[in-house]
Structures are given as structure tokens and as C-alpha cells.
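Following the UniProt record's numbering, the numbering of the sequence shown begins with 1 at its first residue and continues without gaps. Virtual Cβ for every residue (Gly too), placed ideally from N, Cα, C. Keep in mind that this is a model prediction, so the values were computed, not measured. Here's the structure we're looking at; comments come further down.
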Amino acid sequence: MDAAARDDIAGAQYPSYDEDEAMFADFLKEHTILTTVNNSADDIDDEDDEDLMLEPTAEGKQLVRRTTCYPPHLQRIKNRDPINNSHQKTYLVEVPLSELVIWDAVRGLELAQRATKNATRYHELFCKVIDSVLSKMEVTTGGGRRRGGAASSARDSIDVLMEQRQAQQEARQAEVQNNANNLVDDVNGPLGGGGLENDAAVLGAGNGTGGTATEELPALLMRRYELRVLPLRRPGAYAPFDVQFRDNDSTQYASSGSSAIQAVSLRQIRSRAMGHLVTVSGMIVRASDVKPACTVATYTCDACGCEIYQVVHNKREFLPQRLCPSTDCQKQTKHGDTLHLQTRGSKFVKFQELKLQELPNQVPMGHVPRSLTVHCRGELTRLASPGNEVTIDGVFLPQRVAEGGYRAMKAGLVTTTFVEAQNIIVHKKSYDDSISGSLAEEERLKLEEQIREIATGDDPVGTLSSAIAPEIFGHEDIKRALLLQLVGGCTRKLPDGMRIRGDINICLMGDPGVAKSQLLKHVASITPRGVYTTGKGSSGVGLTAAITKDVTTGELALEGGALVLADRGICAIDEFDKMDEADRTAIHEVMEQQTVSVAKAGIVATLNARAAVLAAANPLYGRYNRRKSLSENVNLPNSLLSRFDLMFLILDVADVDRDMALARHVTFVHQNEGTESAKKSDTVDTVPMDEDDIDDAEDFGESEQVDDNGKQDISSNVLREYISRARKHQPVVPEDVAPYIVEAYVSLRSQGTAEGRKQKNGDQTVMTPRQLLSILRLSQGLARLRFSDYVAREDVDEAIRLTHMSKSSLMEHDDGGLGDQNSSKRKWGGEDVTSRIFNIIRDFSTSSRSQRIELKLVEAMVLRKGFTEQQLKQCLEEYQNLDIIMMNSTGTHIEMLGDQGH
Numbered sequence: 001m002d003a004a005a006r007d008d009i010a011g012a013q014y015p016s017y018d019e020d021e022a023m024f025a026d027f028l029k030e031h032t033i034l035t036t037v038n039n040s041a042d043d044i045d046d047e048d049d050e051d052l053m054l055e056p057t058a059e060g061k062q063l064v065r066r067t068t069c070y071p072p073h074l075q076r077i078k079n080r081d082p083i084n085n086s087h088q089k090t091y092l093v094e095v096p097l098s099e100l101v102i103w104d105a106v107r108g109l110e111l112a113q114r115a116t117k118n119a120t121r122y123h124e125l126f127c128k129v130i131d132s133v134l135s136k137m138e139v140t141t142g143g144g145r146r147r148g149g150a151a152s153s154a155r156d157s158i159d160v161l162m163e164q165r166q167a168q169q170e171a172r173q174a175e176v177q178n179n180a181n182n183l184v185d186d187v188n189g190p191l192g193g194g195g196l197e198n199d200a201a202v203l204g205a206g207n208g209t210g211g212t213a214t215e216e217l218p219a220l221l222m223r224r225y226e227l228r229v230l231p232l233r234r235p236g237a238y239a240p241f242d243v244q245f246r247d248n249d250s251t252q253y254a255s256s257g258s259s260a261i262q263a264v265s266l267r268q269i270r271s272r273a274m275g276h277l278v279t280v281s282g283m284i285v286r287a288s289d290v291k292p293a294c295t296v297a298t299y300t301c302d303a304c305g306c307e308i309y310q311v312v313h314n315k316r317e318f319l320p321q322r323l324c325p326s327t328d329c330q331k332q333t334k335h336g337d338t339l340h341l342q343t344r345g346s347k348f349v350k351f352q353e354l355k356l357q358e359l360p361n362q363v364p365m366g367h368v369p370r371s372l373t374v375h376c377r378g379e380l381t382r383l384a385s386p387g388n389e390v391t392i393d394g395v396f397l398p399q400r401v402a403e404g405g406y407r408a409m410k411a412g413l414v415t416t417t418f419v420e421a422q423n424i425i426v427h428k429k430s431y432d433d434s435i436s437g438s439l440a441e442e443e444r445l446k447l448e449e450q451i452r453e454i455a456t457g458d459d460p461v462g463t464l465s466s467a468i469a470p471e472i473f474g475h476e477d478i479k480r481a482l483l484l485q486l487v488g489g490c491t492r493k494l495p496d497g498m499r500i501r502g503d504i505n506i507c508l509m510g511d512p513g514v515a516k517s518q519l520l521k522h523v524a525s526i527t528p529r530g531v532y533t534t535g536k537g538s539s540g541v542g543l544t545a546a547i548t549k550d551v552t553t554g555e556l557a558l559e560g561g562a563l564v565l566a567d568r569g570i571c572a573i574d575e576f577d578k579m580d581e582a583d584r585t586a587i588h589e590v591m592e593q594q595t596v597s598v599a600k601a602g603i604v605a606t607l608n609a610r611a612a613v614l615a616a617a618n619p620l621y622g623r624y625n626r627r628k629s630l631s632e633n634v635n636l637p638n639s640l641l642s643r644f645d646l647m648f649l650i651l652d653v654a655d656v657d658r659d660m661a662l663a664r665h666v667t668f669v670h671q672n673e674g675t676e677s678a679k680k681s682d683t684v685d686t687v688p689m690d691e692d693d694i695d696d697a698e699d700f701g702e703s704e705q706v707d708d709n710g711k712q713d714i715s716s717n718v719l720r721e722y723i724s725r726a727r728k729h730q731p732v733v734p735e736d737v738a739p740y741i742v743e744a745y746v747s748l749r750s751q752g753t754a755e756g757r758k759q760k761n762g763d764q765t766v767m768t769p770r771q772l773l774s775i776l777r778l779s780q781g782l783a784r785l786r787f788s789d790y791v792a793r794e795d796v797d798e799a800i801r802l803t804h805m806s807k808s809s810l811m812e813h814d815d816g817g818l819g820d821q822n823s824s825k826r827k828w829g830g831e832d833v834t835s836r837i838f839n840i841i842r843d844f845s846t847s848s849r850s851q852r853i854e855l856k857l858v859e860a861m862v863l864r865k866g867f868t869e870q871q872l873k874q875c876l877e878e879y880q881n882l883d884i885i886m887m888n889s890t891g892t893h894i895e896m897l898g899d900q901g902h
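Below, the structure is given as C-alpha cells:
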């Protein structure tokens, strides 16, 4: 085989970095992007005809033009122009590999593939090309130009230091020009091959000199920007791509859409991905403090006075240089340490270490979640906090446990892995982040129409509550309460610093097999920051905070538990009654003050835990014993139960009609693997079930009245967007509604005290001052669902009705739960519903000494007691037929015909 053939084979196997440098330089110079242009004539006239390269677009679409991509942005870096983004402190240069493909479909694709497989090497290559382009640029000040350093308005102390160093370098190079490249072989002394030689090689590669001179200023020390290499199909987010026009109908930009890239779990990253640019998704469970990390170490020689530079970029540990490599110093000083590290001349960058863990849906059954360390530098720090679900683009690299010492000897050949982050995307931040901005125009208009249709409907609360766990049978009032928990009330911060929580806490208690756990899991999946845990599997430290040892510094650090990770979300705690007493006391502070106070191992801190608690508890004796009080059944103290805004008792009582409907639906689910409404429409977003879930919960089902009542099917995305927009409103209580709330609370307080003496349940069923705040929070949530900034009387009535229903479920002894609220013949304390409503009307007529009563007052009183409008209407019709009451012709007043009982 001749030499030409061998060169061809070697060229096919190994890339030519010189050719790739030239190709990337052409890309920086030639690549153009599409930007939008205002349709005004003035804006178009101001531009030159040659520069304004308008692109043909369809009629009715925005006018776009093709502009150069990188030269203007690099010129701004050279001029040190101010950064538009206030959160950004450093210039960012993004290189989306998809733009290489758009620039040249053949050469650009090959370069993008090579950069993906050897990301670290090509990151240095791209930086070298950008440094070369910046060095050839001239600084422009206003309309003119001048050669030299930075603009006078942007000069800082680093510029003065660099100019001084360059002057010293030029003077020294003039003196030792003949002997600059003749270094001795043993220049590193005891450092061996892992010290200055490798660093000098990096410096030579970075400067393009190809030598090993360590006295030259490294390019990394002079660099004032951060380079981020984004994987294929990942669009840029910063200048100049922040104004880039991307048409969904265009095929060349379809590959750049963020929806086309798929993140993988930690289990799918194998050894073949080592050194590659990967995209992983997971949850941040720990974030270290942001600390400075040295990238270029600068030394000063006491003997010759020169400065020596050592690049330690992307290294966790390095051995400081001891001997000066200059020729004069080698001749004069044979022994002794003459180099001293100076921090003033070194370069440091912000460094943060994140711990990424697999999402619960990515962990196979019976396996332990895997975790991976992520290194963030520069502007990538402080982007993610514990509890965030993130997608990270980065380079998958190996890492030695330690460079030397006892740790290295103990670790042996074991090597850990980490990801050097290039881009971080935070998902499910909060309800404040709308998803409409990331949708296409048609999908966004469809979403707007669905939200408008729900908001203008007759019962938006009932329509939205039907989308919560639609496969679970009944529980209409519980679903309404869970919807209000997702929306929440308004958090008030008083001028004196006192904070009144707006989150709503709900407790579900009842017999086994009534869908409590499924409701908890569904709510935790809807909320942006939902954490599902069990009481027996969580200790007090696991719920609040734990003291861990930082791997980087060895210091003690706080690691948030479930309640801290669910900040601004919902923490669903199943088997709440199974928790130990010592662990349960940690929740008292969270449920009311919404903070976690920690005083452990010398660390005194207060962490935010602004989470709504959704708890589920089972009776102590297996099933609810009606002969015992509530605290005896669930084994929870009154101090904890009073912190719940709503407590629902769900009993499993035999009822022929309800059991028949439930059994029919469960058999239908087994036959068709889905609910009836899901078969009618493919747009329903239901809870995924397997056979084990259906066997464990015979409560699975969906109210079959959904289609009969005309309620539309709502997907989870529509529900999240509706809640996101509703939470932007901050409703207040008007002056005319405040006396109504006071009067309602006082009447409920007196009634609850009288009934509490007759009941065995104790203080749980008595109206407490905390219930007044609960009514206000529920009323604010109902006002938010109406997209209103004011609380109406109807919101207060509905909030009182839900509060009364939760109380009545605890006092109820003959009801089988809250699944069927429409039956007017249920027994309640020896009387049916119709008789109880009539007694309320008759008592009010007797106390007011008037036979003529306004219908609005009657409706307010009846709804406040927990009854529905349909039950009131049926009662009035029944007693009108008996000639006991009479309605006037306009239907506004009721007249009692006689003092008759029933």
C-alpha cells in the first residue's frame, strides 16, 4: 500500500482539524438567519437595498429578511456593548449544530456529527476560531473606528492589567527571542507528565502557536465570552437567535424546533456516549453553592520576575507549578521553589454542582433511581433549584475520584462520570409559566377557544372538576375541592412582615378502596411541582430537610425533603395516619407557616415550603367505626386536623343504585381498557392504568353523567393552562361582601358549637377561626376560576357549602359517602333533605315574624347549609303542591300559607 492510499484511509478515519477550523470560520462569516421586519414603510426605507434581503412569504404572514448571523454579535463583543438582558452578566455565543446543517447540508452535517461525537475537542476548536476572528476585528466607537483594545467607555481593570502584561511579554520576547523555544526536557521537575507539560500543550493548541511556551498569555485568560454548543434540533435562545424567525411550514427550520429533540433518561446513557453531546432529563435533588473555580492559574517568579500561566480548565484538582520554566531562571537557580500563585492575576469562573436524578416515570418497577453529577459554569449557574424538572444538554465525560493522595489510592481504578452542561431547560417551573407561547398558531387559537368556552359556560367549576381523575366514579364535591386546591387562594404579606398563607390543605379520610390514593397521584401529576410520598416511607428528615456532606468541599449542607421540593406546588402524602408521631410534628409548621426551620449540626436555617398538603388517611380499625370519634378512628391529633381547610370522610356503605353503577363501569373498563367518554373522544387525557391498578381500586370509574349533562372532555394541558391564567388574578373582598362573610361565619360558628355538643366527634366538626380563613381562601379560588378580581357572594356561598359538606360528612352516620349528592330522600338525622330545607325556611319566617320571604335570602341560607339549588327547587315544588307555601307570580318571594309542620 502506497503512502497516498494510507493518507486517504487515515483521512477517512480521523478528522482534519485544520479543515474543520477553516470550515467553521466560513460558517461564522457566511451564515445568515431570518428575522422579522416591521411592515411600516419607514422601517423599510431606512435600510439599504443591498442589506435588506427580503424573503418571499405567503400572503398575510410577517415580512422577513435574511441578515448575517455572527459578525454583528461578535462586533458587539469586541466593542463591549451593554448586554440587553439584565440577568445576563457575560456575553454568550451559541452554536446550534442545526444551523450548521442549514448553512451547508453536506459539509455542515458532517461537521455537526463530528462535533457531537467529540464535543470537548470541537468546543476548543470553535473557541480558537472565534478568538481569531475577534483579534482581527476593529473596535468601533459610534460611527468611527479605532484600532487597539476595548472602547474607552468599557475599559476596566482587567484591560489595564492585560495591556501591562502584553507590554512585559513583548519586552521579554525581544530579549530572549533566540532562546524562547529551547526549553529543557525536565522543565517540570517532580511534576511529571501530569503538570505543566500537558497544560502547555493546551495553551499551544489554544493560541494556535503549536509550541509549549508557558509565558505567553493564554487565550482563555483574555476571553470575555462563553461558548455553548447546542445539539442538533435545539434552537438558540440568546442573541442573535432571540430574534430569529422560525416558520413551522418551512422544512429547513423544522429540524431546529425544540419539540423535535427527545431527551433520554440516565439509564439510556451508555459507555458509547462518552465524550458525546447528550441530552438527558431528570429532577434536580441537590444544588451546591456557587463558588469560584480557577481556570487559569497565574504565577510570579521571585528570581526572574516573569509571569507563568497554567490552564486548569475543566479540572477539579491540579498540582501547582513550583519551578520557573524560563531559560534564565533555569541557569541561575537550580533548586528551590521560585513560583508563587497570585489570585489577582488568575481567572476564576462561577461553578455549581447539581445532582440530577431520574424521574419517577423513568424508573422501572423495583429499581432504585439513578443519579448523575452535572457541572455548571458561568451563566449556567443558579438556573435550576432542587425540585425542578430539567432537560440538560451537555458533554458526558469521565472523572477521576481524586488526582492524588489517600482518596485516589482508596478509589483505585474506579472512575465516576459527570455531564459538563452546555444548556439547561427548566420545565414545570410554576403555574405562572404559560404553555401557549410554545404552541403553534393553530394550536394556540384552539386552546384559546377552549378556555373561552369553559370560562363563559354555565358551570366552569363543575366542568373543570370533571377533568380531575375522570376515571374515578363520583366524588363531585371532592373533585371541586381538589380543583380549588390547584388554583389556591391569594397569599397576603402584611406590612409588618406577617404572611397569611393562600394554599389550601385537604385531608381525605375513609374506608379502603374509595380511590383516595388515585386522587392523590392524579393531582400530583397535574401540578407543576407535585411530589407524591407515603407516610410510612418518609421520615421527618425525608419530609423536611436533611444534613448531607458536600462532595466538593466536604462541608455540611442542607438537602431539601419532599415538602421543600414541592415548594409552590402540592405535596401528596398517602397513609398519613401511619407516620410516627415524631415525624408528624414536622408538618405542623409547614401547614400553617409554610417554612421549615432547621437547627442541626451547627446549621440554623429557614427553608421555604410553600406547598399545599393533600393527605389521605385510613381508619385505625380497618374500616370506619361509627361508634367512635373521628380522632379515635384516624389516630390524628386535633391540633393537626385543625390545620386542614377541608376534611372529607368517605365511607364505603352498601347502596344498590350506586353499587350497580360502579360495578357496571368497572366491568366496562376491564372490557374496553378505558372509560366510555374516552372511547367517544380521542382527546381525553386520562390516568394511565395497568391491570394491577384496576384490581387494587374497584373504585375506578367515571361519572357516567358527564356526557348526559353536556360536560365537555378536557385534557390536562387545557386544565393546566386554565389554572395558570386563573392564578394571575389576585381577587379581593369588596366592602359589600365582607359583612356577608362575617354574618355567615358567626351563624355557622353558633350552629357548629350547638351541634358539636351533641356529637361524639369532638372539636373536629366545630367551626374554628381557622375555618374563616379557609372560607376566604376557597372564595378567592372560586373568584380566580371566574377570571375575576373581586369575590362575589356566590363564591362565598359555594365556599360555605363545601365547608359544610366536609363537616357534614364527619357528622353523617347514615350516608355512604359523597358520591351521590342528588338524592333528595337520604336520611339525615331522622329527616329527609326536603324536610330539612323546609324547616330552615319555617324557622327563618318565625324568627323574622314575617310570612313573606325573599327567594334570594332563602337560596343563600339553604346553600350555606350545604344543600344544592336542585334540592331547594324540588322542596319548593313539593310544598307548593301541598298548599303549604305559595310563590308569587314573578318568582321572587315565598309566602307561608300557615304554620304547618311536616
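Apart from the five residues just before and just after residue 264, which ones in its own chain have a Cβ nearer than 8 Å to its Cβ?
Here residue 264 is taken as the residue at index 264 of the sequence shown, counted from 1. Answer for residue 264: 278, 279, 280 and 281, listed in chain order.
With DSSP as the reference, label residue 584 as helix, strand or coil.
Residue mapping note: residue 584 aligns to position 584 of the sequence shown, counting from 1. Three-state DSSP puts residue 584 in a helix.
Whole-angstrom C-beta distance between residue 884 and residue 862, which should lie under 8 Å:
As a working note, residue 862 is residue 862 in the sequence shown. As a working note, residue 884 is residue 884 in the sequence shown. Contact doesn't hold; Cβ gap of about 16 Å is too wide.
Compute the beta-carbon to beta-carbon distance between residue 65 and residue 90, rounded to the nearest angstrom, for a pair I have assumed lies under 8 Å.
Your numbering for residue 65 matches position 65 in the sequence shown. Your numbering for residue 90 matches position 90 in the sequence shown. In fact, because the Cβ distance is near 29 Å, the residues do not count as touching under 8 Å.
For residue 426, which residues from the same chain have a beta carbon less than 6 Å from its beta carbon, with the 5 sequence-adjacent residues on both sides left out?
Locating residue 426 in the sequence shown gives position 426, counting from the first residue. Closer than 6 Å at Cβ, skipping near neighbours: 384, 388 and 390.
Which of helix, strand or coil DSSP assigns to residue 415
Residue 415 sits at position 415 when you count from the first residue of the sequence shown. It is a strand residue.
Alpha helix (DSSP H) containing residue 110: first to last residue?
Numbered from its first residue, the sequence shown carries residue 110 at position 110. Per DSSP, residue 110 belongs to the alpha helix (DSSP H) from 107-117.
In whole angstroms, what is the alpha-carbon distance linking residue 605 and residue 353?
Here the question's residue 605 lines up with position 605 in the sequence shown. Here the question's residue 353 lines up with position 353 in the sequence shown. Roughly 21 Å separates the two Cα atoms.
Quick check: residue 293 and residue 310, are their CB atoms within less than 8 Å of each other?
Counted from its first residue, the sequence shown places residue 293 at position 293. Counted from its first residue, the sequence shown places residue 310 at position 310. For residue 293 and residue 310, no; Cβs fall outside 8 Å.
Going by the CB atoms, is the gap between residue 650 and residue 613 shorter than 8 Å?
For the purposes of this step, residue 613 is identified with residue 613 of the sequence shown, where counting begins at 1. For the purposes of this step, residue 650 is identified with residue 650 of the sequence shown, where counting begins at 1. No, they are not a contact pair.
Through-space distance from residue 717 to residue 361, alpha-carbon basis
Residue mapping note: residue 361 aligns to position 361 of the sequence shown, counting from 1. Residue mapping note: residue 717 aligns to position 717 of the sequence shown, counting from 1. Just so you know, the alpha carbons of residue 361 and residue 717 end up roughly 18 Å apart.
Determine the extent of the beta strand (DSSP E) in which residue 329 is found, giving its start and end residues.
Locating residue 329 in the sequence shown gives position 329, counting from the first residue. Where residue 329 is concerned, there is no enclosing beta strand (DSSP E), although the alpha helix (DSSP H) it sits in stretches over 327-332.
Run the CB neighbour count on residue 953, radius 10 Å, all protein chains shown included, and call it buried at 16 or more, exposed below.
Since the displayed the chain opens at 1 and closes at 902, residue 953 lies outside it and no answer follows.
What does a CB cutoff of less than 6 Å around residue 33 pick up in its chain, not counting 5 residues either side in sequence?
Within the sequence shown, the letter at position 33 stands for residue 33. So the qualifying residues of the chain are 69 and 244.
Using the C-alpha atoms, what's the distance from residue 875 back to residue 882?
Reading the sequence shown from its first residue, position 882 is the one you call residue 882. Reading the sequence shown from its first residue, position 875 is the one you call residue 875. Straight across, the Cα-Cα distance linking residue 882 with residue 875 is about 11 Å.
Does the distance from the CB of residue 286 to the CB of residue 347 come in under 8 Å?
For the purposes of this step, residue 286 is taken as the residue at position 286 of the sequence shown. For the purposes of this step, residue 347 is taken as the residue at position 347 of the sequence shown. No. Outside cutoff.
Cβ-based neighbour list, residue 740, same chain, cut-off 7 Å, excluding 5 preceding and 5 following:
Here residue 740 is taken as the residue at index 740 of the sequence shown, counted from 1. The beta carbon of residue 740 sits closer than 7 Å to the beta carbons of 793 and 796 from its chain, once the five residues preceding and following it are set aside; these are given in chain order.
Spatial neighbours of residue 332 within its chain, please: CB distance less than 8 Å, with the 5 preceding and 5 following residues excluded, ordered by chain position.
On the sequence shown, residue 332 is found 332 positions in, with the first residue counted as 1. Only residues of its own chain outside the window of five on either side were considered, and among them 303 and 304 have a CB closer than 8 Å to the CB of residue 332, listed in chain order.
Do the segment 227-235 and the segment 305-324 meet, that is, are 3 or more Cβ pairs less than 8 Å apart?
Judged by Cβ distances under 8 Å, the segment 227-235 makes no contact with the segment 305-324, as fewer than three pairs qualify.
Under 8 Å, with one C-beta from each stretch per pair, do the segment 616-627 and the segment 499-511 reach the 3-pair mark?
The answer is yes - the segment 499-511 touches the segment 616-627, with three or more Cβ pairs under 8 Å.
Spatial neighbours of residue 779 in its chain, beta-carbon cut-off 6 Å, leaving aside the 5 residues before and after:
Numbered from 1 along the sequence shown, position 779 holds the residue referred to as residue 779. Hits under 6 Å: 791, 795, 796 and 799.
Straight-line gap, residue 635 to residue 627 (C-alpha atoms, nearest Å):
Along the sequence shown, one-based indexing puts residue 635 at 635. Along the sequence shown, one-based indexing puts residue 627 at 627. As the crow flies, the alpha-carbon of residue 635 is around 15 Å from that of residue 627.
Check whether the Cβ atoms of residue 852 and residue 895 sit closer than 8 Å, and answer yes or no.
Within the sequence shown, the letter at position 852 stands for residue 852. Within the sequence shown, the letter at position 895 stands for residue 895. Their beta carbons are under 8 Å apart, which means residue 852 touches residue 895 by this criterion.
Excluding the 5 residues preceding and the 5 following residue 709 in the sequence, name in chain order all residues of the same chain whose CB lies nearer than 6 Å to its CB.
Counting from one through the sequence shown, the residue named residue 709 turns up at place 709. Here residue 709 scores only 42 on pLDDT, less than 50, and its place in the model should not be relied on; the value that follows carries that caveat. Excluding positions up to five away in sequence, the list is empty.
For residue 960, is the classification buried or exposed, using 16 other Cβ atoms within 10 angstroms of its Cβ as the cut-off for buried?
Residue 960 falls outside the range modelled here, since the chain spans only 1 to 902, and no answer is possible.
Distance between residue 607 and residue 838 (C-alpha atoms, nearest Å)
Residue mapping note: residue 838 aligns to position 838 of the sequence shown, counting from 1. Residue mapping note: residue 607 aligns to position 607 of the sequence shown, counting from 1. If you take the alpha carbons of residue 838 and residue 607, they lie about 52 Å apart.
Rounded C-alpha distance that separates residue 30 from residue 521
Counting from 1 along the sequence shown, the entry for residue 30 is found at position 30. Counting from 1 along the sequence shown, the entry for residue 521 is found at position 521. Roughly 53 Å between the two C-alpha positions.
Would you say the segment 216-224 touches the segment 125-135, given that touching needs at least three Cβ pairs under 8 Å?
Touching, yes.
Can you give me the C-alpha to C-alpha distance between residue 860 and residue 491, rounded to a whole angstrom?
Working through the sequence shown from its first residue, we reach residue 860 at position 860. Working through the sequence shown from its first residue, we reach residue 491 at position 491. Taking C-alpha positions only, residue 860 is separated from residue 491 by approximately 27 Å.
If I follow the unbroken beta strand (DSSP E) through residue 340, where does it start and stop?
Here residue 340 is taken as the residue at index 340 of the sequence shown, counted from 1. Looking at the DSSP string, the run of the beta strand (DSSP E) that includes residue 340 is 339-357.
Residue 829 classed as buried or exposed, judged by whether at least 16 other C-beta atoms fall within 10 angstroms
Position 829 of the sequence shown holds residue 829. Summary for residue 829: the model assigns pLDDT 42, below 50, so the residue's position carries little reliability; its value from the coordinates is reported in the next sentence. Residue 829 should be labelled exposed.
Does chain D have any CB closer than 8 Å to the CB of residue 896?
This model lacks chain D altogether; it includes just one protein chain.
Please classify residue 288: is it buried, with 16 or more other beta-carbons within 10 angstroms of its beta-carbon, or exposed?
Working through the sequence shown from its first residue, we reach residue 288 at position 288. The residue in question, residue 288, is buried, as its Cβ has 16 or more Cβ neighbours within 10 Å.
Ends of the beta strand (DSSP E) at residue 310?
As a position in the sequence shown, residue 310 is number 310, starting the count at 1. Unbroken beta strand (DSSP E) run through residue 310: 307-311.
Apart from the five residues on each side of it in sequence, which residues of its chain come closer than 8 Å, Cβ to Cβ, to residue 21?
Within the sequence shown, numbered from 1, the residue matching residue 21 stands at position 21. Cβ neighbours of residue 21 beyond the five flanking positions: 125, 128 and 129.
Pairwise C-alpha distance: residue 291 and residue 589:
On the sequence shown, position 589 is the one that residue 589 refers to. On the sequence shown, position 291 is the one that residue 291 refers to. Distance between residue 589 and residue 291, taken at the CA atoms: about 32 Å.
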